[in-house]
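Remarks on the structure that follows.
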Amino acid sequence: MNNASLEFAHKCHAKLNLHPYRTFSDLAHLSRPLLELHMG
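Each residue of the sequence shown is one higher than the one before, counting from 1 in the UniProt record's numbering.
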């Protein structure tokens, strides 16, 4: 992106999704308790 034109950079930026607000402070809602989920 450093060598791209300003126009190309603006086009790419317009396609990006906004980062979810309060990602780390919002509680996760799981269908089952975490200990019941299969890991690995």
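Yeah, the Cβ is synthetic: ideal placement off N, Cα and C, and Gly gets one too.
Rounded to the nearest angstrom, the gap between the Cα atoms of LYS11 and SER5 is 10 Å.
For HIS10, the enclosing alpha helix (DSSP H) starts and ends at 6-15.
Straight-line spacing of the CA atoms in ASN2 and HIS13 works out to 13 Å. DSSP, read as helix, strand or coil, puts LEU27 in coil.
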